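Colleague:
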Ligand code: ADE
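Residue numbers (the working numbering): 217 to 627.
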């Protein structure tokens, strides 16, 4: 077990990263202090499959301090930060993760989480939940809290096919989550991943963003803010028109492939950039993915058909094509913001993980009273987290007078 090895230096670095994040996760810290005495998770086994970086470690640590026995793995084979994982072994019951897991190691680490007899799952992308569904046995599980768009989509598919054997909370769909995390979080962290891995200037580059959902909107906005000339590729007419009115060039991937310098996929779908696009791209084009799975850029085709492939910088692989052009794939085509950077900014994950903690608490307190379906985050929890964030950050809300309240409800 990699993190049973006590590498002190690694641990020290990981601890410092956790402390840095913890100091800035003020909403989560305040929720923790509110619950500290009660220890509501006493005797509860929590299994977490989340990108194992510093903010995630802070959430896991708080859950354990609130009485839970926490087991954790990373929700992607390359998003575990080994120093953080090493430090976290001192705070939670089990850590089964390292960066660069093979597919079978990734699956085995998830299986270990299930062997610990979880009561609550905290999932990102629904791999853990899908594993339970495949086993056909969800006994002992009170429910799952799901972090991301792709995971919620999969949960709904499980629900619709009667394969969801416990209640689920769609944390992703809370307003306090997708409005900030998916948009501003991805916007900043995806730019961060591209810049850190390549060291290129974005100003003046032609950037192509596939998908104009919340993630794509944020990524397109922030790339524009860095001076890139941004094109949006969309299949949905409403989103396409929104991007158009927002001043982006909107076109097909076939056309954008002819001129783009940097491509970023944010769709959740597969083979968004594939053979026919690679073959017309400019020499030196960069390919990055911001979606949950590494299916958006057809990496398998590149691996099978390139004349050569070389890791030319950390998180940059050069593929030389038969036509003599070089394409640069970032972070193996996996989530560039977590594979090549630290994920979303701390303040963003403070909001998202506060919603996770309170949703897990909701599952616990309502155990036995919920159906096996996908529930939204209760609106009072959603609004409560956002209000706490505003209060902590000194942002004042306008108070409506009773006259105004009455008027706004009148017909
Ligand atoms: N850090 C931890 N989980 C994350 C996520 N789902 N997205 C971005 N950053 C993260």
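Note that CB positions come from ideal geometry on N, CA and C, so glycine has one too.
All of these numbers come straight from a predicted model, not from anything done at the bench.
Buried or exposed: which applies to residue 624, given that a residue is buried once 16 or more other Cβ atoms fall within 10 Å of its Cβ?
Modeller: Counting Cβ neighbours within 10 Å, residue 624 comes out exposed, since fewer than 16 surround it.
Colleague: So, does the stretch 241 to 259 touch the stretch 310 to 329, judging by three or more C-beta pairs under 8 Å?
Modeller: Touching, no, given that fewer than three Cβ pairs across the two stretches are closer than 8 Å.
Colleague: For residue 445, write down the residues that DSSP places opposite it in a beta bridge.
Modeller: Beta-bridge pairing links residue 445 to 422.
Colleague: Quick one: is the Cβ of residue 272 within less than 7 Å of any heavy atom of ligand 1?
Modeller: True, at least one ligand heavy atom lies under 7 Å from that Cβ.
Colleague: Determine the extent of the alpha helix (DSSP H) in which residue 542 is found, giving its start and end residues.
Modeller: Looking at the DSSP string, residue 542 is not in any alpha helix (DSSP H); the run it does join, the beta strand (DSSP E), is 542 to 546.
Colleague: Cutting at 6 Å between CB atoms, please list the residues of its own chain near residue 611, excluding the five before and the five after it.
Modeller: Closer than 6 Å at Cβ, skipping near neighbours: no residue.
Colleague: Are there any heavy atoms of ligand 1 lying less than 7 Å away from the beta-carbon of residue 571, as far as the coordinates show?
Modeller: Every heavy atom of ligand 1 is 7 Å or more from the Cβ of residue 571, so no.
Colleague: Mind reading off the beta-carbon distance from residue 260 to residue 580? Whole number of angstroms is fine, and I expect it under 8 Å.
Modeller: That pair is a contact at about 6 Å.
Colleague: Could you check where the alpha helix (DSSP H) with residue 264 kicks off and where it finishes?
Modeller: First-last for residue 264: 261 to 265, but that is the beta strand (DSSP E), not the alpha helix (DSSP H).
Colleague: Cutting at 6 Å between CB atoms, please list the residues of its own chain near residue 535, excluding the five before and the five after it.
Modeller: Excluding residues within five positions, the ones whose Cβ falls inside 6 Å are 518, 522, 525 and 543.
Colleague: To the nearest angstrom, how far is it from the Cα of residue 527 to the Cα of residue 541?
Modeller: Cα-Cα distance, rounded: 16 Å.
Colleague: Can you tell me the Cα-Cα spacing of residue 217 and residue 312, whole angstroms?
Modeller: Bear in mind that the predicted position of residue 217 carries a pLDDT of just 45, short of 50, making it unreliable; the figure below should be weighed with that in mind. Answer to the nearest angstrom: the Cα atoms are 7 Å apart.
Colleague: Note the first and the last residue of the continuous beta strand (DSSP E) segment covering residue 527.
Modeller: 524 to 529 is the span of the beta strand (DSSP E), which, as asked, contains residue 527.
Colleague: Ends of the alpha helix (DSSP H) at residue 468?
Modeller: Run containing residue 468: none; DSSP gives neither H nor E here.
Colleague: Between the alpha carbons of residue 248 and residue 482, how many angstroms are there, rounded?
Modeller: Residue 248 and residue 482: Cα-Cα distance of roughly 33 Å.
Colleague: At a cut-off of 7 Å, is residue 289 close to ligand 1 when judged by its beta-carbon and the heavy atoms of the ligand?
Modeller: No; taking the cut-off as 7 Å, the Cβ of residue 289 has no heavy atom of ligand 1 nearer than that.
Colleague: Leaving out five residues on either side along the sequence, give the residues of the same chain with a beta carbon under 6 Å from the beta carbon of residue 413.
Modeller: Excluding positions up to five away in sequence, the list reads 531, 532, 546 and 556.
Colleague: Using a Cβ-based criterion (distance less than 7 Å to any ligand heavy atom), does residue 365 qualify as near ligand 1?
Modeller: No - ligand 1 has no heavy atom lying nearer than 7 Å to the Cβ of residue 365.
Colleague: Go ahead and pull the three-state DSSP assignment for residue 501.
Modeller: Three-state DSSP puts residue 501 in a strand.
Colleague: Between which two residues does the alpha helix (DSSP H) harbouring residue 485 extend?
Modeller: Segment: none, residue 485 is in no alpha helix (DSSP H) and carries neither H nor E.
Colleague: Following the continuous alpha helix (DSSP H) through residue 624, name the residue where it begins and the one where it ends.
Modeller: Element bounds for residue 624: 618 to 625.
Colleague: Just the C-alpha distance for residue 502 and residue 437, rounded to the nearest angstrom, thanks.
Modeller: If I take the Cα positions, the gap works out to 19 Å.
Colleague: Could you check whether residue 282 and residue 255 sit closer than 8 Å to each other, using their CB atoms as the reference points?
Modeller: Their beta carbons are under 8 Å apart, which means residue 255 touches residue 282 by this criterion.
Colleague: Give every residue of the same chain whose Cβ lies closer than 6 Å to the Cβ of residue 221, excluding the five residues on either side of it in the sequence, and list them in chain order.
Modeller: Note that residue 221 scores a pLDDT of 47, beneath 50, so its modelled location is shaky and nothing firm can be said.
Colleague: Between residue 290 and residue 267, which are expected to be in contact by the criterion C-beta below 8 Å, what is the C-beta distance as a whole number of angstroms?
Modeller: Rounded, the Cβ-Cβ distance is 6 Å, consistent with contact.
Colleague: Counting pairs of Cβ atoms below 8 Å between the stretch 291 to 306 and the stretch 598 to 609, do you hit three or more?
Modeller: At 8 Å Cβ cutoff, the stretches do not touch.
Colleague: Leaving out five residues before and five after residue 591 in sequence, what residues of the same chain have Cβ atoms less than 8 Å from its Cβ?
Modeller: Here the set comprises 383, 384, 385 and 386.
Colleague: Just checking residue 401 against ligand 1 - is the residue's beta carbon closer than 7 Å to any of the ligand's heavy atoms?
Modeller: Under cutoff, so the answer is yes.
Colleague: For residue 536, write down the residues that DSSP places opposite it in a beta bridge.
Modeller: DSSP output for residue 536 lists 524 and 542 as bridge partner(s).
Colleague: For residue 347, which of 304, 299, 279 and 265 has the nearest alpha-carbon?
Modeller: Comparing Cα-Cα distances from residue 347 to each of 304, 299, 279 and 265, the minimum goes to 265.
Colleague: Quick check: does the Cβ of residue 493 come within less than 7 Å of any heavy atom belonging to ligand 1?
Modeller: No, since every heavy atom of ligand 1 falls outside the 7 Å radius drawn around the Cβ of residue 493.
Colleague: Less than 8 Å between the CB atoms is what I'm expecting for residue 656 and residue 459, so what's the real figure, rounded?
Modeller: Since the first and last residues shown for the chain are 217 and 627, residue 656 lies out of range.
Colleague: How many whole angstroms separate the CB atoms of residue 379 and residue 349, which I take to be in contact at a CB cut-off of 8 Å?
Modeller: Indeed they touch by this definition, with Cβ atoms about 5 Å apart.
Colleague: Please classify residue 629 as buried or exposed, where buried requires at least 16 other C-beta atoms within 10 Å of its C-beta.
Modeller: Absent from the structure is residue 629, since the part of the chain shown begins at 217 and ends at 627.
Colleague: Following a CB-centred definition, is residue 362 positioned closer than 7 Å to any heavy atom of ligand 1?
Modeller: No, Cβ of residue 362 sits at least 7 Å from all heavy atoms of ligand 1.
Colleague: Let me confirm a value: residue 419 is counted as buried when at least 16 other C-beta atoms fall within 10 Å, else exposed. Which label applies?
Modeller: Exposed is the call here.
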